[in-house]
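Colleague: Protein chains in written order, with the working numbering: chain A, 1 to 245; chain B, 1001 to 1245.
All residues carry an ideal CB built from backbone N, CA and C; glycine is no exception.
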DNA sequence: AAAACAAACGTAAAAATGACGTTTAAAATT
DNA sequence: AATTTTAAACGTCATTTTTACGTTTGTTTT
C-alpha cells in the first residue's frame, strides 16, 4: 500500500452560504476527525473543509459535486474551481498519524479547490453526521491543515467574481427584495453602498424582473419581490467590453 | 516502476506573446516528440504546449517558472495559474507509446495549467532545441492531447483578466504609444474600439505617464511614448468597487 | 513648398454616478 | 377611525463618464 501513491490528489470544497436573517456570508466547516491505528476516530480540536479523493473515472468537477452532495444533500449549486494547491510543505505543520505514515516517502498532497454558493437555510444541520457548522467568514474558528489559506483565496476570488458577474443571486432565494440584494453585496464585498443609488441601478436592469408579489409576514411595509433572469442577462451581455482599468 | 504512480501530475504552460509588428496575439507551441522504446525520438505531426512534471520540493508556481525558463530563457514574466484539468479520459484519444505503457493501470494525468504574458520579440527562436514557434491565437495548427481546450480556456481567462486589470501592459514594451495599447486591446479582446475615445480615457489615467521621448525611425509623424506605473495604479485602486453587472 | 498621413485634439449630446432630501404605504398603536 | 411608526420607494441636481463624431497638427516624404 505504502508504495502505491507518491502523489496524492484531493478535491477540497469551500461552501459559502448567505444567511438572510443574520445578513452574513458563512462558510460550512466540519470538525476534524482522524483515523487512528486502532480503527477508532480521534477528534482534533479544529475545523476543516470537506475534501475527498477522486474516484476512478471521475472528473474533478464530478468529485466536487459528489463532495457537496454527501455533505449537504444539494446538487446543481453554483460551483467554481478556483485554484490548485501543491506546495510540498503545505501540510508540513501537521503531526497527524495519517501523514506520519507516509513521511519517509516524500508524500505530496495536491488539492484542487472549489467553492460553492448557496443559501444557508438550504442545508439541513439535523442528522449531522459530519458535525458540520456555519461560521461567518470574518469570524472563523481554528482551522486545520492549510485550509484557512484556501478559504481566504476562495473569498478573494468570490469578491472579484461578484464585481464582474451576477453570481450574487446564487446566494439568494429565487424571489428577493432589492434591499436583500443590497445587503448581500455589502456583506460579501465588506463595504457600504448607498441604498438609493444601488436600488436605482438594479431596478433599471432588464434582467431584474418585478413580480406580482410582495413580502408576507413582515411587520412593516412589505417590500416588492423581484427575480433574476439569467436568460435575459446572457442575451444582453454578449457584446459587453467595459475595460475597467 | 509501474506501480509507483497511479496519478501523474504535470504543469502545462500557455505562453502568450504579443507581436507589435503583425499586431497579433500569439501562442508559443512546440513540435511534439515522443520517446520510443529504443531511445530515439518519434515526431508526431502536431504541436503541443510545454509541460513538465514537478520536481521534489517544488511548488506548482516553481514548476511553471522553471518550464518557462527552460523554454524561453525568460524569468519574471506575468504568470497565472488558471485551471487544473483532470478528466479521466482527457488523453484517451492518444495512442502514444508513453501512455499505452500504463494503460492497464488506470493512469490518470492531472495537469495544472498556467499562462504567461510576454512580448514575442523577447523570445529567441534561434538555437531552437524545442522546435518552438509562434502561432496566432485565431490561426492555430493541429494541436495534440487536449491542449487546444487548455489554450482556449487560458484565452477566455485572459480576456476577462484584461477587462478587470491592466495586465495588457505585460504584453507591451516598457515604452509604448497609445495606439499600440489600442491595438493590443483590439487584438486580445477581438473587438473594435473607437481610437479617439480610447486615447482620451487612457491619457486621463494618472498611471499612464507621458515620457520626454517620441518614436524614432517611423516614416510618419512620430508618436508620443508613455509608460505604465504599477505603483501608482496600486495606490489608486485600493478602494475600487465598481459592480459591473 | 506641397502632399501625405498618422497622431492628436475638440465638441456636444446622452448616459451613468454620487450625494443627498422627500414621500409613501402598510402595520402597529392609540 | 385616526395617528404613529418605520422601512420601502421615489426624486433631484451636480458631476463624471461615455458615445459618436469632426477637425487640426506635426513630421516625413515627394
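Mapping the DSSP letters down to three states, classify residue 1187 of chain B as helix, strand or coil.
Modeller: In this structure, residue 1187 of chain B counts as helix in the three-state DSSP scheme.
Colleague: Determine the chain A residues that contact residue 1091 of chain B at a beta-carbon separation under 8 angstroms, and present them in chain order.
Modeller: Going along chain A, no residue has its Cβ under 8 angstroms from residue 1091 of chain B, so there is no contact; the nearest lies around 13 angstroms.
Colleague: Suppose you measure from the CA of residue 1229 of chain B to the CA of residue 1022 of chain B; what does that come to, to the nearest Å?
Modeller: If you take the alpha carbons of residue 1229 of chain B and residue 1022 of chain B, they lie about 26 angstroms apart.
Colleague: State the Cα-Cα distance for the pair residue 1052 of chain B and residue 71 of chain A, rounded to the nearest angstrom.
Modeller: Going by the C-alpha atoms only, they are around 35 angstroms apart.
Colleague: Thinking C-alpha only, which one of B:1144, B:1227, B:1219, B:1189 is nearest residue 1172 of chain B?
Modeller: Among B:1144, B:1227, B:1219, B:1189, the Cα nearest to that of residue 1172 of chain B is on B:1227.
Colleague: Quick one: is residue 1245 of chain B buried, meaning 16 or more other Cβ sit within 10 Å of its Cβ, or exposed?
Modeller: Residue 1245 of chain B is buried by the Cβ-count criterion.
Colleague: What residues from chain A crowd round residue 1057 of chain B, counting only those whose CB sits closer than 8 angstroms?
Modeller: 88, listed in chain order.
Colleague: Can you list, in chain order, the residues of its chain with a C-beta nearer than 8 angstroms to that of residue 1115 of chain B? Leave out the 5 residues immediately preceding and following it.
Modeller: Answer for residue 1115 of chain B: 1013, 1014, 1015, 1016, 1079, 1080, 1082, 1154, 1157, 1158, listed in chain order.
Colleague: Have a look at A:9, A:214, A:193, A:207 and flag the residue whose alpha-carbon is nearest the alpha-carbon of residue 177 of chain A.
Modeller: Checking every option, the nearest Cα to that of residue 177 of chain A belongs to A:214.
Colleague: To the nearest whole angstrom, what separates the beta carbons of residue 225 of chain A and residue 211 of chain A, a pair I think is in contact under 8 angstroms?
Modeller: Contact flag correct, Cβ pair sits at about 5 angstroms.
Colleague: Our contact map puts residue 1044 of chain B next to residue 1034 of chain B with C-beta atoms below 8 angstroms; I'd like the distance itself, whole angstroms only.
Modeller: The Cβ separation is near 6 angstroms, so the contact holds.
Colleague: Hey, would you say residue 1123 of chain B sits closer than 7 angstroms to residue 1011 of chain B, going by beta carbons?
Modeller: No, Cβ-Cβ distance for residue 1123 of chain B and residue 1011 of chain B is not below 7 angstroms.
Colleague: Say whether chain A places a C-beta atom closer than 7 angstroms to the C-beta of residue 1210 of chain B.
Modeller: Cβ-Cβ to chain A under 7 angstroms: no for residue 1210 of chain B.
Colleague: So which residues on chain A does residue 1185 of chain B lean against when the C-beta distance must stay under 8 angstroms?
Modeller: By Cβ distance, chain A contributes 243.
Colleague: What does the Cβ neighbour count give for residue 180 of chain A, buried or exposed, with the cut at 16 atoms within 10 Å?
Modeller: Residue 180 of chain A is buried by the Cβ-count criterion.
Colleague: Assign residue 41 of chain A to buried or exposed, taking buried as 16 or more other Cβ atoms, counted over all protein chains shown, within 10 Å of its Cβ.
Modeller: Burial call: exposed.
Colleague: Does any C-beta atom of chain A lie closer than 7 angstroms to the C-beta of residue 1060 of chain B?
Modeller: Judged by the 7 angstroms Cβ criterion, residue 1060 of chain B is in contact with chain A.
Colleague: With 16 other CB atoms within 10 Å as the buried threshold, where does residue 63 of chain A fall?
Modeller: Its Cβ being crowded by 16 or more others within 10 Å, residue 63 of chain A is buried.
Colleague: For residue 14 of chain A, name the three-state secondary structure that DSSP assigns.
Modeller: Of the three classes helix, strand and coil, the one that applies to residue 14 of chain A here is strand, per DSSP.
Colleague: Going by C-alpha to C-alpha distance, which of B:1174, B:1218, B:1236, B:1008 sits closest to residue 1207 of chain B?
Modeller: It is B:1236.
Colleague: Could you pull the start and end residues of the beta strand (DSSP E) that residue 1208 of chain B belongs to?
Modeller: Run containing residue 1208 of chain B: 1208–1214, per the beta strand (DSSP E) assignment.
Colleague: So, with DSSP's three-state summary, where would you put residue 182 of chain A?
Modeller: If DSSP states are grouped into helix, strand and coil, residue 182 of chain A belongs with the helices.
Colleague: So residue 154 of chain A contacts chain B; which residues on that side make the cut at Cβ distance below 8 angstroms?
Modeller: None at all; the shortest Cβ gap to chain B is about 14 angstroms.
Colleague: I need the straight-line Cα distance from residue 184 of chain A to residue 1136 of chain B, nearest angstrom please.
Modeller: The straight-line gap from Cα to Cα measures roughly 42 angstroms.
Colleague: Hey, how far is the Cα of residue 1058 of chain B from the Cα of residue 88 of chain A?
Modeller: If I take the Cα positions, the gap works out to 6 angstroms.
Colleague: Considering only residues of the same chain and omitting the five flanking positions on each side of residue 77 of chain A, which have a CB-CB separation below 8 angstroms?
Modeller: 68, 116, 117, 118, 170.
Colleague: Going by DSSP in three states, residue 1041 of chain B sits in which element: helix, strand or coil?
Modeller: Correct three-state label for residue 1041 of chain B: strand.
Colleague: So, using beta-carbon positions, are residue 1146 of chain B and residue 1090 of chain B closer together than 7 angstroms?
Modeller: Yes.
Colleague: List in chain order: all unbroken beta strand (DSSP E) runs of 3+ residues lying wholly within the stretch 1072–1153 of chain B.
Modeller: Correct list: 1078–1085, 1108–1119, 1132–1136.
Colleague: Quick check on residue 20 of chain A: does DSSP put it in helix, strand or coil?
Modeller: The answer is coil: DSSP assigns residue 20 of chain A none of H, G, I, E or B.
Colleague: What does residue 84 of chain A reach in chain B if we use C-beta pairs closer than 8 angstroms?
Modeller: Chain B residues near residue 84 of chain A: 1060, 1081, 1084, 1112.
Colleague: Just to confirm, is the Cβ distance from residue 167 of chain A to residue 25 of chain A under 7 angstroms?
Modeller: The answer is no: Cβ separation not under 7 angstroms.
Colleague: Does any residue of chain B have a CB that is nearer than 7 angstroms to the CB of residue 18 of chain A?
Modeller: No, no contact with chain B.
Colleague: To which residues does DSSP link residue 200 of chain A through a beta bridge?
Modeller: For residue 200 of chain A, which the question treats as bridged, DSSP gives no partner whatsoever.
Colleague: Could you give the DSSP three-state label for residue 230 of chain A: helix, strand or coil?
Modeller: If DSSP states are grouped into helix, strand and coil, residue 230 of chain A belongs with the helices.
Colleague: Which residue wins for smallest C-alpha separation from residue 1074 of chain B, given the options B:1121, B:1219, B:1084?
Modeller: Of the listed residues, the one whose Cα sits closest to residue 1074 of chain B is B:1121.
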